[in-house]
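Chemist: A single structure is presented below for examination.
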Amino acid sequence: MQTFTQRLANPTRFMELSARLLPWMAFLACVLIAVGLVMAFTAPLDYQQGHAAKIMYVHVPAAWLSMLAYAMVAASSFGLLVFRHPLADVSAKSAALIGVVFTFVCLVTGSLWGKPMWGAFWSWDPRLTAELVLFFLYLGLIALRSSVEDEALAANLTAVLGIVGIVILPVIHYSVYWNSIHQPPSLSFGWPKIHPSLLWPLVTMTAGMQALFVALYLKAMRNEILRRRVKALRLTEVQVAAGLAEPAE
Amino acid sequence: MKAFWHLVGRDLLLAWREGGAIGVALGFYLVVVTMLPLGLGPDLNLLSRIAPGLLWVALLLATLLSLGRLFEMDFEDGSLEVLATGPLPLEAVAVAKSLAHWLTTGIPLTVMAPVLGLLLNLPLEAYGVLVGTMLAGTPAVSFIGAIGGALTLRARRGGVLIALLMLPLFVPTLQFGIEAVSAALTGSGGFMPAFLILVAISLASVVLAPLAAAVALRFQLQ
Amino acid sequence: MKLIGEKLCAKRGGRVLFAKLSFTVDSGRALLAIGPNGAGKTTLLRMLAGFLRPEAGQVRLEGGDADASIAEQCHYVGHANAVKPSLTVAENAAFWSGFLGGAADRLEVALNTFGLAALRDIPAGYLSAGQRRRAGLMRLLLAERPVWLLDEPTTSLDETAQKVLAGAVNQHLSGGGLVVAATHLPLAFDRAQELPVGLSAAAVA
Chain S
963 MQTFTQRLAN PTRFMELSAR LLPWMAFLAC VLIAVGLVMA FTAPLDYQQG HAAKIMYVHV
1023 PAAWLSMLAY AMVAASSFGL LVFRHPLADV SAKSAALIGV VFTFVCLVTG SLWGKPMWGA
1083 FWSWDPRLTA ELVLFFLYLG LIALRSSVED EALAANLTAV LGIVGIVILP VIHYSVYWNS
1143 IHQPPSLSFG WPKIHPSLLW PLVTMTAGMQ ALFVALYLKA MRNEILRRRV KALRLTEVQV
1203 AAGLAEPAE
Chain P
143 MKAFWHLVGR DLLLAWREGG AIGVALGFYL VVVTMLPLGL GPDLNLLSRI APGLLWVALL
203 LATLLSLGRL FEMDFEDGSL EVLATGPLPL EAVAVAKSLA HWLTTGIPLT VMAPVLGLLL
263 NLPLEAYGVL VGTMLAGTPA VSFIGAIGGA LTLRARRGGV LIALLMLPLF VPTLQFGIEA
323 VSAALTGSGG FMPAFLILVA ISLASVVLAP LAAAVALRFQ LQ
Chain V
3 MKLIGEKLCA KRGGRVLFAK LSFTVDSGRA LLAIGPNGAG KTTLLRMLAG FLRPEAGQVR
63 LEGGDADASI AEQCHYVGHA NAVKPSLTVA ENAAFWSGFL GGAADRLEVA LNTFGLAALR
123 DIPAGYLSAG QRRRAGLMRL LLAERPVWLL DEPTTSLDET AQKVLAGAVN QHLSGGGLVV
183 AATHLPLAFD RAQELPVGLS AAAVA
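For the record, the sequence lines run as chains S, P and V. So the numbering used here is basically just the index in the first sequence, starting at one, shifted up by 962. So the numbering used here is basically just the index in the second sequence, starting at one, shifted up by 142. So the numbering used here is basically just the index in the third sequence, starting at one, shifted up by 2.
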């Protein structure tokens, strides 16, 4: 009896499955985000912040996805280093690339939100600082991968960094929150004390962005698998030309 | 165990013979700390207030210069392969080399910090605390830094890359190092907790970082 | 003692270097891995030393120390010499002897055998390429290890030094050791068998 991840590990099966899932995910993302945006703009105005607070509906889901993506990078890294799972590296690479985009979105929206709230585009608020450090962690993963020639080596080294990162992230959070006035988070994952008229648009947007994330992630993994197949075919061609291998079927 | 101390001893001897690396780190430390007041202006009150932060940040920058060389020489001249066939597991090799790095970079920079503190008008009562926290925090810098050194062995642009990789990993050490000194200066009573956390970070990195560095080194040897 | 490679397969950057490579080296025998550049001779040696896991197949050492890995029972001499230029020849030797757990009296033997006794207090950075190679090979005699893995050991050695190396190898073989060497030049080792490495080689064999 194969486990679910073992069955998924076969790239061919993954390609079939993701091909069926992808359009539905993309469709779901479009609908949820469209509905969420309408709800967000018809929701009552925050009496202190006015329209500026609307950016929350992008900012908060992006922050959540930036962390989720890192958790996926770490889990995939673990899968690569411990189980030599054939799709683990494809997943780690895709999650990192999407994660860095959501982290960037989170930083930009946070900074735009900060201007009316704090009067400055950037405040060294612990939540933003932690997000910025996360952004650098992502950049490190991507830079390390791109600067090592041998792809297998790059995958392994990036996985080591990914796991080091997940070990140190809680310490980073702890350290940047250390000296701050502890403010309650705006969306903790127990139900927050936030009025339902504001909560439902946020939940819808989060679900929509989540679906968008899954769609992008599947697409990125498919692209990466195809890229590797092309590369393998080219290598075979070179070897066939050198008389070292039989032509592929 | 004998092999371990042989390795530490050799690295110390190499650092002494080659000398340059320590000189560059100390020189860089001096340059950064002197450049900053030139940029910030000679306001002694401002300088003494931000001195702990400046001294810590500059120390990290100076250390970054030497981290890329930590395993590089041994990797290039084939010594790492022989070390890998020795009686020590690579984890212990990483510990020995990180320890030697701390002794030859962390300690000299720490000793130099109070001298540079004079340039920044650091209050006199802070010198003991500054040296103490740096002694407690620099092991974390060397041991965590070894991960970066091991990861970037075969990377192009290794020098810049290592700075990018290490920046997030050094945040907690930096944060609590500065926090401890500042708390001692303001007398807010926050010194002890911050100092103890810094010690804990160092101890944890001495135990955990070599594991990661050794995994990376094994991949580099493939 | 027997070093056995079973159906070894190696890949480098997605390219297959060799496949289904099998061999056995007994005590007292030398195996010369031969083949053109890029055939995978170095990869084979690194695989035997345990730096690199085979894509398929396995490497075994029968009759060795069961508690130790092959890596701990072998001397690996790669392209680089593992000699520190700022340390003297004697300091380099003393470090490897201490690190690898060799007996102190072997140090003089090693220095004399490879003709480095007169250079002992010279920093290795001043040595010529051939002398540096000899300083690297000297490690073989510093600590006793049954398996010698030599990657192009005669690089930059003159004729005399090549004879010294062959002498040391032959002595090791007659003492019951075993040697695997990668080379594209003929080596004067006793009781050597040749192993063609590479994809084209496998097709012929």
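C-beta: ideal position from N, C-alpha, C; glycine also.
1. Count the other CB atoms within 10 Å of the CB of residue 97 of chain V; is the residue buried (16 or more) or exposed (fewer)?
2. So the candidates are V:200, V:94 and V:167; which of them puts its Cα closest to the Cα of residue 190 of chain V?
3. By alpha-carbon positions, which one of P:344, P:319, P:199 and P:329 ends up nearest to residue 336 of chain P?
4. Whose Cβ in chain V lies nearer than 8 angstroms to the Cβ of residue 148 of chain P?
5. Is the shortest distance between the beta-carbon of residue 323 of chain P and the beta-carbons of chain S less than 8 angstroms?
6. Compare the C-alpha of residue 148 of chain P against each of P:235, P:186 and P:188 and name the closest.
7. Looking at the C-beta of residue 1128 of chain S, does it have a partner C-beta in chain P at a distance below 8 angstroms?
8. Residue 223 of chain P: buried (16+ other C-beta within 10 angstroms of its C-beta) or exposed?
9. Any beta-carbon of chain S closer than 8 angstroms to the one on residue 15 of chain V?
10. Please report the residue range of the beta strand (DSSP E) in which residue 60 of chain V lies.
11. Residues in its own chain within less than 8 angstroms of residue 340 of chain P by CB, not counting five upstream and five downstream?
12. Nearest CA to the CA of residue 113 of chain V: which residue from V:4, V:52 and V:134?
13. Taking only beta-carbon atoms, is residue 214 of chain P less than 8 angstroms away from chain V?
14. Can you say whether residue 373 of chain P is buried or exposed, counting buried as having 16 or more other CB atoms within 10 angstroms of its CB?
15. Are the stretch 1174-1189 of chain S and the stretch 1055-1062 of chain S touching, with three or more C-beta to C-beta distances below 8 angstroms?
16. What residues from chain V crowd round residue 1194 of chain S, counting only those whose CB sits closer than 8 angstroms?
17. Using CA coordinates, which residue listed in S:1125, S:1131 and S:1062 is at the minimum distance from residue 1175 of chain S?
18. Counting only beta-carbon atoms, is residue 1197 of chain S nearer than 8 angstroms to chain V?
19. Using 8 angstroms as the threshold, is the C-beta distance between residue 1122 of chain S and residue 357 of chain P below it?
20. Considering only residues of the stretch 1057-1144 of chain S, which uninterrupted beta strand (DSSP E) runs meet the minimum length of 3 residues and lie entirely inside it, listed in chain order?
21. Under a CB-based cut-off of 8 angstroms, is residue 1122 of chain S close to chain V?
22. Straight-line CA distance for residue 80 of chain V to residue 338 of chain P?
23. Are the beta-carbon atoms of residue 56 of chain V and residue 87 of chain V separated by less than 8 angstroms?
24. What is the DSSP secondary structure of residue 195 of chain V, counted as helix, strand or coil?
25. Indicate the three-state DSSP secondary structure (helix, strand or coil) for residue 250 of chain P in the structure shown.
26. With a threshold of 8 angstroms on Cβ separation, who are the neighbours of residue 11 of chain V within its own chain once the five nearest residues in sequence on each side are excluded?
27. Where does residue 153 of chain V sit, in a helix, a strand or coil, going by DSSP?
28. If you drop the 5 nearest sequence neighbours on each side, which residues of the same chain put their C-beta closer than 8 angstroms to that of residue 311 of chain P?
29. How many Å lie between residue 1003 of chain S and residue 186 of chain P at the Cα?
30. Using 8 angstroms as the cut-off, can you tell me whether the stretch 1067-1086 of chain S makes contact with the stretch 1022-1030 of chain S, which would need three or more C-beta pairs spanning the two stretches below that distance?
31. What residues from the stretch 290-313 of chain P come within 7 angstroms of chain S, judged by C-beta to C-beta, listed N to C?
32. Which partner residues of residue 36 of chain V appear in the DSSP bridge assignment?
33. Quick test of your reading: residue 195 of chain V and residue 62 of chain V, contact by CB under 8 angstroms. State the CB separation rounded to the nearest angstrom.
34. Measure the alpha-carbon distance for residue 215 of chain P versus residue 82 of chain V and round it to whole angstroms.
35. For residue 9 of chain V, which residues from the same chain have a beta carbon less than 6 angstroms from its beta carbon, with the 5 sequence-adjacent residues on both sides left out?
36. In the DSSP assignment, find the unbroken alpha helix (DSSP H) run with residue 1021 of chain S in it and report its ends.
Modeler: In short, the structure shows the following:
1. buried
2. V:167
3. P:319
4. 97, 100 and 101
5. no
6. P:235
7. no
8. buried
9. yes
10. 58-64
11. 275, 278, 279, 282, 315, 318, 319 and 322
12. V:134
13. no
14. Since the first residue shown for chain P is 143 and the last is 364, residue 373 of chain P is missing from the structure and cannot be characterised.
15. yes
16. 16
17. S:1062
18. yes
19. yes
20. none
21. no
22. 46 angstroms
23. no
24. strand
25. helix
26. 18, 20, 21, 22, 23, 56, 57, 58 and 59
27. strand
28. 286, 289 and 290
29. 52 angstroms
30. yes
31. 293, 296, 297, 298, 299, 303, 306, 307, 309, 310, 311 and 313
32. V:198
33. Not confirmed; about 18 angstroms, so no contact.
34. 11 angstroms
35. 22, 24 and 59
36. 1018-1045
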